[in-house]
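There are 2 protein chains.
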Amino acid sequence: MEEEARKDTVFRLKIDRESETYEEFLEELRNQIQSGSENSLKAMLEGAHPADIATLFRDLSLEESLYLFRLLSHEEQSYTLIKMEEEGLDKFLDELSIDEISLTLDFNETDETTYLLSFLTPERRDQVLSKLSKSDSFEIRSQLGFRESSAGRLMSKDFATAKLGDNVRKGIINVRKKAKEIEDIYQIYVTDEDGVLKGFIPLKDLFLTPINTKISKITNYSVYSFHYDTDQEEVAKSFKKYDLVSTAVVDDLGRIIGRITLDDVLEIVEEEASEDILRMAGVSEDERLSTPILQSVKRRIIWLNVNLLTAFLSSTVVAFFEDTISQIVVLATLMPIVAGLGGNAGTQSVTVVIRNIATGDLTFSNWWDAVRKEFTIGCLNGLVLGSITGTMIFLVKGNPVLGLVVGAAMLVNMLVASLTGSLVPILLKAVRIDPAIASSIFVTAMTDVCGFFFFLGLATLFSRYLIG
Amino acid sequence: MEEEARKDTVFRLKIDRESETYEEFLEELRNQIQSGSENSLKAMLEGAHPADIATLFRDLSLEESLYLFRLLSHEEQSYTLIKMEEEGLDKFLDELSIDEISLTLDFNETDETTYLLSFLTPERRDQVLSKLSKSDSFEIRSQLGFRESSAGRLMSKDFATAKLGDNVRKGIINVRKKAKEIEDIYQIYVTDEDGVLKGFIPLKDLFLTPINTKISKITNYSVYSFHYDTDQEEVAKSFKKYDLVSTAVVDDLGRIIGRITLDDVLEIVEEEASEDILRMAGVSEDERLSTPILQSVKRRIIWLNVNLLTAFLSSTVVAFFEDTISQIVVLATLMPIVAGLGGNAGTQSVTVVIRNIATGDLTFSNWWDAVRKEFTIGCLNGLVLGSITGTMIFLVKGNPVLGLVVGAAMLVNMLVASLTGSLVPILLKAVRIDPAIASSIFVTAMTDVCGFFFFLGLATLFSRYLIG
Chain A
1 MEEEARKDTV
11 FRLKIDRESE
21 TYEEFLEELR
31 NQIQSGSENS
41 LKAMLEGAHP
51 ADIATLFRDL
61 SLEESLYLFR
71 LLSHEEQSYT
81 LIKMEEEGLD
91 KFLDELSIDE
101 ISLTLDFNET
111 DETTYLLSFL
121 TPERRDQVLS
131 KLSKSDSFEI
141 RSQLGFRESS
151 AGRLMSKDFA
161 TAKLGDNVRK
171 GIINVRKKAK
181 EIEDIYQIYV
191 TDEDGVLKGF
201 IPLKDLFLTP
211 INTKISKITN
221 YSVYSFHYDT
231 DQEEVAKSFK
241 KYDLVSTAVV
251 DDLGRIIGRI
261 TLDDVLEIVE
271 EEASEDILRM
281 AGVSEDERLS
291 TPILQSVKRR
301 IIWLNVNLLT
311 AFLSSTVVAF
321 FEDTISQIVV
331 LATLMPIVAG
341 LGGNAGTQSV
351 TVVIRNIATG
361 DLTFSNWWDA
371 VRKEFTIGCL
381 NGLVLGSITG
391 TMIFLVKGNP
401 VLGLVVGAAM
411 LVNMLVASLT
421 GSLVPILLKA
431 VRIDPAIASS
441 IFVTAMTDVC
451 GFFFFLGLAT
461 LFSRYLIG
Chain B
1 MEEEARKDTV
11 FRLKIDRESE
21 TYEEFLEELR
31 NQIQSGSENS
41 LKAMLEGAHP
51 ADIATLFRDL
61 SLEESLYLFR
71 LLSHEEQSYT
81 LIKMEEEGLD
91 KFLDELSIDE
101 ISLTLDFNET
111 DETTYLLSFL
121 TPERRDQVLS
131 KLSKSDSFEI
141 RSQLGFRESS
151 AGRLMSKDFA
161 TAKLGDNVRK
171 GIINVRKKAK
181 EIEDIYQIYV
191 TDEDGVLKGF
201 IPLKDLFLTP
211 INTKISKITN
221 YSVYSFHYDT
231 DQEEVAKSFK
241 KYDLVSTAVV
251 DDLGRIIGRI
261 TLDDVLEIVE
271 EEASEDILRM
281 AGVSEDERLS
291 TPILQSVKRR
301 IIWLNVNLLT
311 AFLSSTVVAF
321 FEDTISQIVV
331 LATLMPIVAG
341 LGGNAGTQSV
351 TVVIRNIATG
361 DLTFSNWWDA
371 VRKEFTIGCL
381 NGLVLGSITG
391 TMIFLVKGNP
401 VLGLVVGAAM
411 LVNMLVASLT
421 GSLVPILLKA
431 VRIDPAIASS
441 IFVTAMTDVC
451 GFFFFLGLAT
461 LFSRYLIG
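And the structure:
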């Protein structure tokens, strides 16, 4: 009755980087690696999930990682490679021999293999491909031919099918054949005699139906499929919207050539959702901890230089009122308040609008409502902050006109901030530019320029009440 | 050989808000609703996926939406409710009768039902529950008892199990029983005689094994499970890390009480990844387009007031150098340049660091490398921007000392920006505060204060070369 036969490794060892014992564990590993104690190491890593082993590699040197890697079974190696950080994977693979690589690839699905091979130089890629079976090699070469962020690159070529004219028995036989290669089959795809995709059948339906039933009788014809050149983001959006688990990928004639499952898409969903945060600040969305410094600098410095131009613009606005400032020096001390609040309020608006565009809540039918809402929020914020600031300035400096000028400038700047913050991303989206791209730089530029203009302009208008 | 019997609705009608024909479609719908032409409407909506119908409701009034809703079958209604926007769902459900609601719930899984019921007032909730079967009612009441963002609320109570001592035939019978209720079964869970979770069996393995085999022989014992009180984010992280498709939820004794599938988690992954963007700007992560204005203002104004305090701080720093400015007024025009660049460079650093903390790339073992990298980037940026700015100031104003002062202040501010930008989120995380919370407000405060201090301080030091 009890566990008579253990199937698959039991993952007992949880490796958690945030745990307090992690550092000790790493130290111990390093010591054992130094002394070359293979058996101790195998014992230490027993029950560790390949995803966790891949995590360890982040904190070990290349040599230490390779040493551990070579202690694993080929199946564990194949999974570990997939879960390793993209950055540095090319260097890691460069250290492995062609044989070592091709032996692990036996355990990968085609999209995983294609992914790994894309990190090799063309020569080594060819060498590895020549080690695989002719059919595998052909499949992978054709997959490498697809555009990099397309459905074709994301798909796995391992899927089970049945023809409309087959009966359930044949379908089950097809599943059995594929079951050895594919870990997770949720459904089989149904095609006509020419391989054109017609529908799908969830596995439970297939198995619970009498085996002489025709496939066509239990086929679900509302099947989702994507052309191989569809953008991966499009695919991800549909998975989310229609609660899909698995979809087919078809060629120009509608014939099924691959399948994409939800876990493939999960990473894309997460990446997409978090990339905006980087783009807004003018940072490359590919930037990771391991990105070389010069590469990081390259993208950032471009936007900082754009920022420099906009800063010179604000500076010019201030210079226009140099006379006023030389007479009322206290204005210089108040400039940071007006500009700073404007910048952050603008950032709040732009952030909300960008997120709503990304989730699809804000579209061309309701953009005006969104802008109007932000403007109203800007009014309220402006009234509150303007009153508080104006009052405080009055109390500190004793001049009510100064307080009024600051308060009024604050109000106007809040309005400008909310309008720019909401309109800039919408306009960018309308001309098909990514709304996140450096939007915070443009919005803070606008709020600075307008803030200084209104503040110093009002001060100039009422200068007689402010001098002295 | 052809499609002898159609199973399930064929989703032919794609409703796309971004398409040019969308507005016309909406207009036509509104007209038909006005004239009460039920048959035309049903024809217009034929083949539309409930997710797309839910999308339509966003652009129709409450009355129009209800009218369309009541034309759908109960099954379509159940799915549409799930895909509708959270905001406004309570108002929508308030308009439905108790009977209407309970009839649709027949088609929902328990976690979906629990989700929908949470939008009703307690009285109406009880009324609806009294319409369900005693066992369903009990299940949902107990699920509503779980903490709101816990695994217990996320799970579905519909799952298939088998005992270790059963044979495969019994397992298949259990699946058949559940198959009517559950759309997607990928695996069955294996328990001991007391219901304690022991493992799982992928559906294909179950069906491809001879029926007299003992369940225990084909059970995969490395099963992932979560205690019902686990945070949903924890669950989502594990799904991502270990490529899970389905996990069990267990009670304090380890007995399986529910299951969570990848599509449940997808939304959480996406929400988590994109919420940081809002928190950084000091906006509530719950803010949506439909959030009432006063509610939006509430959260934002708190952080803007914090910003006001930090702005007064910068203002005080500038006031400290008021004498210098009154002598060298041009300094006031250059202040925006130094402060503005510092703010955006700081935002770049803080954004990268926050993202790396969120993805798990930055942890307590490598935080120093991250800070060091940002500092180096800050140096390079500072040298480049400082040189450019200094040179331009020299060319425009003709004073080399002024150019040097600005350039040096720029360099120092870039260093400060990168240090603050990287350290602030790390420190917040270390004291277990969300690193994203208004971090951009704090970082820009630091860069403003330090920028003004160094710029005006250096200017004061070299004032004799700058006056006149």
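Heads up: the sequence lines are chains A and B, in that order. In this text, residue positions in the first sequence follow the UniProt record's numbering: the first is 1, and each later residue adds one. In this text, residue positions in the second sequence follow the UniProt record's numbering: the first is 1, and each later residue adds one. C-beta atoms are modelled at their ideal positions from N, C-alpha and C, and glycine is treated no differently.
Quick check on residue i - is its C-beta less than 9 Å from some C-beta in chain A?
i, result
"residue 336/B", "yes"
"residue 122/B", "no"
"residue 22/B", "yes"
"residue 197/B", "no"
"residue 437/B", "no"
"residue 358/B", "yes"
"residue 230/B", "no"
"residue 211/B", "no"
"residue 347/B", "yes"
"residue 1/B", "Note that residue 1/B has pLDDT 29, beneath the 50 cutoff, so the model's placement of it is unreliable and the number below is only indicative. Taking Cβ atoms only, chain A reaches closer than 9 Å to residue 1/B, which makes this a yes."
Strictly under 9 Å for the Cβ-Cβ distance: is residue i near chain B by that measure?
i, result
"residue 49/A", "yes"
"residue 186/A", "yes"
"residue 282/A", "yes"
"residue 226/A", "no"
"residue 413/A", "no"
"residue 70/A", "no"
"residue 240/A", "yes"
"residue 83/A", "yes"
"residue 34/A", "no"
"residue 179/A", "yes"
"residue 303/A", "yes"
"residue 381/A", "yes"
Give me, in chain order, the residues of the same chain whose beta-carbon lies closer than 6 Å to that of residue i; leave out the 5 immediate sequence neighbours on both sides.
i, result
"residue 435/B", "354, 357, 425, 428 and 429"
"residue 327/A", "467"
"residue 264/A", "154"
Tell me the rounded alpha-carbon separation between residue i and residue j.
i, j, result
"residue 179/B", "residue 240/B", "27 Å"
"residue 250/B", "residue 417/A", "50 Å"
"residue 8/A", "residue 274/B", "Confidence in residue 8/A is poor, its pLDDT being 43 and thus under 50, which makes the residue's placement unreliable; the coordinate value appears in the next sentence. Roughly 36 Å separates the two Cα atoms."
"residue 90/B", "residue 32/B", "26 Å"
"residue 132/B", "residue 118/A", "55 Å"
"residue 212/A", "residue 205/B", "21 Å"
"residue 121/B", "residue 87/B", "15 Å"
"residue 209/B", "residue 217/B", "10 Å"
"residue 420/B", "residue 383/B", "18 Å"
"residue 465/A", "residue 402/A", "8 Å"
"residue 136/B", "residue 147/B", "19 Å"
"residue 22/B", "residue 41/B", "15 Å"
"residue 257/B", "residue 143/B", "10 Å"
"residue 123/B", "residue 98/B", "11 Å"
Starting from the C-beta of residue i, find all residues in its chain whose C-beta is less than 8 Å away, skip the five residues before and the five after it, and write them out in chain order.
i, result
"residue 325/A", "318, 331, 332 and 456"
"residue 288/A", "85, 86 and 87"
"residue 236/A", "265, 268, 269 and 272"
If I measure Cβ to Cβ from residue i and keep anything under 7 Å in the same chain, skipping five residues before and after, which residues do I get?
i, result
"residue 1/A", "Low local confidence applies: a pLDDT of 29 at residue 1/A is under 50, so the model's placement there is unreliable, with the coordinate-based value given in what follows. For residue 1/A, where only same-chain residues beyond five positions count, there are no Cβ hits under 7 Å."
"residue 376/B", "none"
"residue 57/A", "65 and 84"
"residue 238/A", "224 and 244"
"residue 407/A", "386, 387, 389 and 390"
"residue 166/A", "215"
message = Which runs of the beta strand (DSSP E) at least 3 residues long sit entirely within the UniProt domain "CBS" (218 to 275) of chain A? Give them in chain order.
response = Complete beta strand (DSSP E) runs here, min 3: 225 to 227, 246 to 250 and 256 to 261.
inquiry  = If the cut-off is 8 Å on Cβ atoms, which residues from the region 397 to 408 of chain B count as contacting chain E, listed in chain order?
reply    = Any reference to chain E falls outside this structure, whose protein chains are A and B.
ask   = Counting Cβ pairs closer than 8 Å, one from the region 244 to 261 of chain A and one from the region 298 to 318 of chain B, do we hit at least three?
value = Between the region 244 to 261 of chain A and the region 298 to 318 of chain B, the count of Cβ pairs shorter than 8 Å is below three; the stretches do not touch.
inquiry  = Under 8 Å, with one C-beta from each stretch per pair, do the region 286 to 297 of chain B and the region 446 to 465 of chain B reach the 3-pair mark?
reply    = In short, these stretches do not touch, since the Cβ pair count stays below three.
message = Which runs of the alpha helix (DSSP H) at least 4 residues long sit entirely within the region 87 to 156 of chain B? Give them in chain order.
response = If only uninterrupted alpha helix (DSSP H) runs of at least 4 residues are considered, those enclosed by the region 87 to 156 of chain B are 89 to 95, 98 to 105, 110 to 117, 122 to 131, 134 to 144 and 151 to 154.
task = Run through the region 396 to 445 of chain A for me and flag every whole beta strand (DSSP E) of 3 or more residues, listed as ranges in chain order.
result = As far as the region 396 to 445 of chain A is concerned, it has no whole beta strand (DSSP E) run of at least 3 residues.
ask   = What are the uninterrupted segments assigned as alpha helix (DSSP H) that are 4 or more residues long and contained completely in the region 275 to 350 of chain B, given in chain order?
value = Within the region 275 to 350 of chain B, the complete alpha helix (DSSP H) segments at least 4 residues long are 293 to 320 and 322 to 327, listed from N- to C-terminus.
Whole beta strand (DSSP E) elements within the region 174 to 204 of chain A, 3-residue minimum = For the region 174 to 204 of chain A, whole beta strand (DSSP E) runs of length 3 or above, ordered along the chain, are 187 to 191 and 197 to 202.
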